[in-house]
Amino acid sequence: MILENIKKQIEERYIKLLIFLILFKHTNIVRNILRIFKMFNLHNDKRGQLSIEFLLISLISILILVSISLPLTEIAVDSTLSTVKLLETKSEISKITNSIDDVYSDGVGSKRILYVEMPKETYLIFSNDSMLKKGIVTGNLDAFNYSKQIKIMFNADNINSRLNFKKNINYKVTIEWPIETENIILKNVEA
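The opening residue of the sequence shown carries number 212 in our numbering; numbering runs sequentially from there.
Here it is in structure tokens:
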């Protein structure tokens, strides 16, 4: 049933396109172009007129195809770019969580410094899940009018912090578990 409706719609559009092309052939603009060609004697027989009509029909077909394909490619490119940005951000967050796990496994007094490239307007919230005894990082990413949320779990369960990556792309992130404290501390500075 659905295929039949689609076929009918395609047939109706095809018929409308053919009617348009036939009517377009008989407009004054095409006649004036043909008169100009006749004035300069650019063709001496009916084959010349046929080739001009073929060129006009080909030009119209190309314009229709371009007008259909350009919006589709724009949508595909936007989707691809947002996916790439999301994957890059997830990779950078994984670097941070791996360093947090390193500091956690090394114990009190350990420290790590790493450099990350985060997209602008990325906010990370580090918290702990008392039921799973693990840490969770939640990142909100705004990419090309899409808002995505990334969640990654890690082993350290003694962290409650927020990182804002607002202005720049390159940041220096310091992960430290100071002596005489129970929690791991995160700091980010523009590099």
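In this text, a Cβ means the ideal position worked out from N, Cα and C, and glycines have one as well.
Here the structure is a predicted model, which is why all the values come from computation and not from measurement.
THR392 (DSSP reduced to helix, strand or coil): Looking at THR392 - three-state DSSP - the assignment turns out to be coil, as it is neither helix nor strand.
Touch test, the region 277-295 against the region 303-314, Cβ-Cβ under 8 Å, three pairs minimum: Not touching, per the Cβ criterion.
Cβ contact check for the region 318-336 and the region 267-283: 3 or more pairs under 8 Å: The region 318-336 vs the region 267-283: no contact.
Beta-carbon proximity check, ILE324 vs LYS383, cutoff 8 Å: In this structure, ILE324 lies near LYS383, with their beta-carbon atoms less than 8 Å apart.
SER290 versus GLU391, THR385, SER358, residue with shortest Cα-Cα distance: Among GLU391, THR385, SER358, the Cα nearest to that of SER290 is on SER358.
Segment limits, beta strand (DSSP E) that includes VAL384: Start and end: 381-387.
Proximity winner among LYS378, THR385, ASN369, relative to ILE395 (alpha-carbon distances): Nearest of LYS378, THR385, ASN369 to ILE395, Cα basis: ASN369.
For ARG373: DSSP bridge partner residues: The partner list for ARG373 (beta bridge, DSSP) reads ILE336.
Inter-residue Cα distance where the pair is ILE347 and SER302: One C-alpha to the other measures close to 15 Å.
N- and C-terminal bounds of the beta strand (DSSP E) containing LEU325: Residues 322-328.
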